[in-house]
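The structure appears below as structure tokens.
In our numbering, the protein residues as written are 11 to 305.
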């Protein structure tokens with residue numbers, strides 16, 4: 011399946027995306043800190059692209075997107091959610107599910123709680139936490155390594171360690187390049203504002219949401235407290251449980267794409283079925299691609 015790349019200019023900066031451009035329904039994919047849209051290559055190049063329009067986005071300060079024009083505003087959970095919402099609007103998306111990984115999952119929850127037309131959430135490596143330090147401590151495993159997520163300047167050793175934490179035993183020079191390229195100001199600003207409780211209460215948002223929500227994590231995730239996820243009371247929790255993929259870490263969609271993609275497709279089918287029951291047909295049809303290519 012062909013994948014088309016383009017750049018969209020937003021008030022936050024220039025944002026690079028990959029878009030399969032075809033499929034019955036869209037899925038927006040948001041990567042984590044220090045990564046890029048290319049981390050979703052094993053979804054973009056899979057059977058999923060035959061049935062779904064897959065859209066992967068480079069966050070500001072990452073990949074081929076520009077650094078933020080106003081870092082203090084954009085590099086927050088609310089700023090990044092606003093940026094992705096602007097990209098979605100430019101693509102003509104009105105109601106769509108989001109697959110968010112790690113930091114990208116927090117951005118996705120913020121979008122869902124801010125009325126940006128989110129029809130479903132798949133969260134991977136993302137504990138939806140309550141505002142402030144106590145909420146963060148409940149959802150994340152305490153360790154010195156987690157401090158890397160808030161460190162502005164990385165040494166070469168930090169880059170290697172962060173790749174190891176995010177991708178387990180995977181050694182991939184492109185992942186290291188993406189980490190080294192990323193704007194470290196985002197790590198510092200994003201972490202600081204999350205600790206201060208900026209944005210919505212993410213735990214309350216997912217527990218009160220009326221859309222399907224999937225929680226998918228690796229059994230070896232070094233950051234997420236899996237026991238915290240099992241204590242969430244999510245109304246429309248996908249298949250009634252928080253999914254744990256055995257033998258993989260923080261990026262199960264990369265480490266075991268076959269199993270992950272199967273889960274993702276079932277989740278997307280669940281979202282479509284839920285939309286058919288709860289959303290008027292004219293609202294669902296507004297995601298149709300324009301006759302003239304946007305490329």
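We put the CB at the ideal spot given by N, CA and C, even for glycine.
Bear in mind that the values here come from a model prediction, so they are computed numbers and not experimental data.
Near residue i, which residues of its chain fall below 6 Å by C-beta distance, leaving aside the five closest residues on each side in sequence?
| i | result |
| --- | --- |
| residue 130 | 107, 221, 222 and 281 |
| residue 175 | 155 and 232 |
| residue 42 | 111, 112, 113 and 114 |
| residue 196 | 71 and 85 |
| residue 188 | 45 and 46 |
| residue 224 | 132, 248 and 277 |
| residue 68 | 26, 46, 47, 74 and 75 |
| residue 22 | 70, 78, 84 and 93 |
| residue 50 | 39 and 66 |
| residue 216 | 138, 223 and 244 |
| residue 1 | As displayed, the chain neither begins before 11 nor continues past 305, which places residue 1 out of reach and without an answer. |
Counting along the chain, where does the beta strand (DSSP E) carrying residue i start and finish?
| i | result |
| --- | --- |
| residue 47 | Unbroken run through residue 47: none, as it is neither H nor E. |
| residue 35 | 35-40 |
| residue 17 | 14-20 |
Taking 7 Å as the limit between beta carbons, can you name the residues of its chain near residue i, skipping five residues before and five after?
| i | result |
| --- | --- |
| residue 100 | 18 |
| residue 58 | 64, 271, 274 and 275 |
| residue 139 | 145, 146, 148, 149, 212 and 213 |
| residue 20 | 93, 96 and 97 |
| residue 83 | 89 |
Let me confirm a value: residue i is counted as buried when at least 16 other C-beta atoms fall within 10 Å, else exposed. Which label applies?
| i | result |
| --- | --- |
| residue 144 | exposed |
| residue 316 | Coverage of the chain is limited to positions 11 through 305, which leaves residue 316 absent and any answer about it impossible. |
| residue 152 | exposed |
| residue 35 | buried |
| residue 243 | exposed |
| residue 109 | buried |
| residue 279 | exposed |
| residue 193 | buried |
| residue 173 | buried |
| residue 283 | exposed |
| residue 228 | buried |
| residue 252 | buried |
| residue 54 | buried |
| residue 135 | buried |
| residue 157 | exposed |
| residue 240 | exposed |
| residue 257 | exposed |
| residue 159 | buried |
| residue 91 | buried |
| residue 12 | exposed |
| residue 163 | exposed |
Could you pull the start and end residues of the alpha helix (DSSP H) that residue i belongs to?
| i | result |
| --- | --- |
| residue 197 | 194-205 |
| residue 289 | No alpha helix (DSSP H) contains residue 289, which DSSP labels as neither H nor E. |
| residue 25 | Looking at the DSSP string, residue 25 is not in any alpha helix (DSSP H); the run it does join, the beta strand (DSSP E), is 23-29. |
| residue 187 | 183-191 |
| residue 172 | 166-177 |
| residue 263 | 262-265 |
| residue 153 | Unbroken run through residue 153: none, as it is neither H nor E. |
| residue 163 | Unbroken run through residue 163: none, as it is neither H nor E. |
| residue 59 | 58-61 |
Are the C-beta atoms of residue i and some chain B residue less than 8 Å apart?
| i | result |
| --- | --- |
| residue 151 | Chain labels in this structure do not include chain B; a single protein chain is all it has. |
Leaving aside the five residues before and after residue i along the sequence, list all residues of the same chain whose C-beta is less than 8 Å from its C-beta, in chain order.
| i | result |
| --- | --- |
| residue 142 | 205, 206 and 207 |
| residue 269 | 255 and 262 |
| residue 33 | 59, 60, 61, 62, 63 and 64 |
| residue 287 | none |
| residue 87 | 116, 117, 120, 200, 203, 204, 208 and 209 |
| residue 14 | 28, 29, 30, 31 and 305 |
| residue 235 | 137, 148, 149, 150 and 151 |
| residue 218 | 245 |
Does the ligand HEM have a heavy atom nearer than 7 Å to the CB of residue i?
| i | result |
| --- | --- |
| residue 279 | Among the components of this structure there are no ligands whatsoever, and the ligand HEM is therefore not found. |
>> Quick check on the DSSP output: what are the complete alpha helix (DSSP H) runs of length 4 or more inside the stretch 218-260, in order along the chain?
In response: 236-240
>> Which runs of the beta strand (DSSP E) at least 3 residues long sit entirely within the stretch 64-151? Give them in chain order.
In response: 106-111 and 128-134
>> For the stretch 13-30 against the stretch 175-194, do three or more pairs of beta-carbon atoms, one drawn from each stretch, fall closer than 8 Å, so that the two count as touching?
In response: no
> Are at least three pairs of beta-carbons, each pair with one atom in the stretch 255-270 and one in the stretch 163-171, less than 8 Å apart?
Replying inline: no
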